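Presented below is the structure to which this report refers.
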Amino acid sequence: MKNFINLKDIPAKDLRKILNDAKKRKKKRKKLSTLDVDKDRPLKGKMLIQMYEKQSSRTRLSFHIAINQLGAGSIIVKASELHLGKGEESLADTAKILSTYGDGFMLRTDSDKKIEDFSKNLKIPIINLLSPSSHPCQVLSDIFTVEEIKKKPISKLNITWIGDSNNVLNSLIATSVKFKFQLNIGCPKNYRPPKFIMNWLKKNKRKIKVYNDPKKAAKNADVIFSDKVVSLNDRANKAKKIKDFKNYRINSSLIKCAKRDVIFLHCLPRGNEVSEDVFLGNKSRVWQQALNRVHVQKSILLYCFEKLR
Ligand code: CP
Ligand code: NVA
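When we follow our numbering, the leftmost residue of the sequence shown carries the number 10, and every step to the right adds one.
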């Protein structure tokens, strides 16, 4: 069994295997309906438990579909309804119980330590459904979407991120090392990726470019990514932060700095960081991006159960 916690800790060849599997599986489902099970029912009989300590629309729904398509069953639990959430049961006991009833555990939480503690106590795989430090399922799926649309390996593309240095960007940076692509970041000075991430890049002999001018960051981009300025776990002064990002809004004049066939991606939910015309315009692929979560997460599950073809 394997965990899926942080992309930086997963070998590049395994990430590529997940993407290849997702491509094959997606192709085979063209004529099937949402809840039709894949012919090989690779996770038949498995019980998967998803737990959310914070809001989610896409992750919970796309995993629900993914699990069903693999022939497994799932339950979604709210942390606040468990004894663990109320502090009446220890994490170790809860992990034992999850391992007794379940075959896999998936967790969205505000605590990276909690994921780590669970991983030490569980006897079943754990998948990170978003934590303060990363959003691995989202970003691996986004790499899939980029390659699907551009019909090229991501290593041949210029990727730009305009926005905050948050969990999604951390995962994108991790993939820039794994898949060796050029990553430009546009953000205000005080919101640059932290030093430990820059050091990690250095250790891995990769460079990213960080610009204060969003137009410079967007120049020649094949893909522009963004995300909310204020993330769910963000304790910053929201009004100030939004003001600080005022000149980083992705609008049609910023899009013009990129290549003519640039695409715009955003994991959603969105805030004011992107104009309505760009978000809903002909460069945007955000709905295809959201749908692909289903396909890639299926292959992530198969990776965890060591069932990738
Ligand atoms: N992109 C994403 O993870 O969305 P949710 O927060 O709705 O799950
Ligand atoms: N960075 C965002 C992503 C939401 C899917 C957050 O953590 O809230």
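Quick reminder that beta carbons are idealized off the backbone N, C-alpha and C, glycines included. Please read all numbers here as calculations on a predicted model, not as lab measurements.
Rounded to the nearest whole angstrom, the C-alpha separation of Ile-217 and Thr-169 is 10 Å. In terms of Cβ geometry, Val-232 and Val-155 form a close pair [threshold 9 Å]. When DSSP states are grouped into helix, strand and coil, Thr-169 belongs to the strand group. Taking all protein chains shown into account, Thr-103 has 16 or more neighbouring C-beta atoms within 10 Å of its C-beta and is therefore buried.
Arg-302 sits in a helix when the DSSP states are folded into three classes. Listed in chain order, the alpha helix (DSSP H) elements of length 4 or more contained wholly in the region 85-111 are 100-110. Pairing Lys-37 with Asp-49, the inter-Cα distance amounts to about 11 Å. Note that the C-beta distance between Ala-227 and Phe-153 is not below 9 Å.
Arg-294 carries a coil assignment under DSSP once its states are collapsed to helix, strand and coil.
Between the region 74-92 and the region 43-61, the count of C-beta pairs closer than 8 Å reaches three or more; the two stretches touch.
Judged by DSSP in its simplified three-state form, Met-56 adopts strand. Cβ atoms of Cys-313 and Gly-54 stay farther apart than 8 Å, at about 16 Å. Runs of the alpha helix (DSSP H) lying entirely within the region 247-272, each at least 4 residues long, are 247-253, 261-264 in chain order.
Here Lys-237 has Gly-280 as same chain residues with Cβ atoms under 6 Å from its own Cβ, once five neighbours each way along the sequence are excluded. When the Cα atoms are used, Ser-89 and Asn-301 turn out to be separated by approximately 30 Å.
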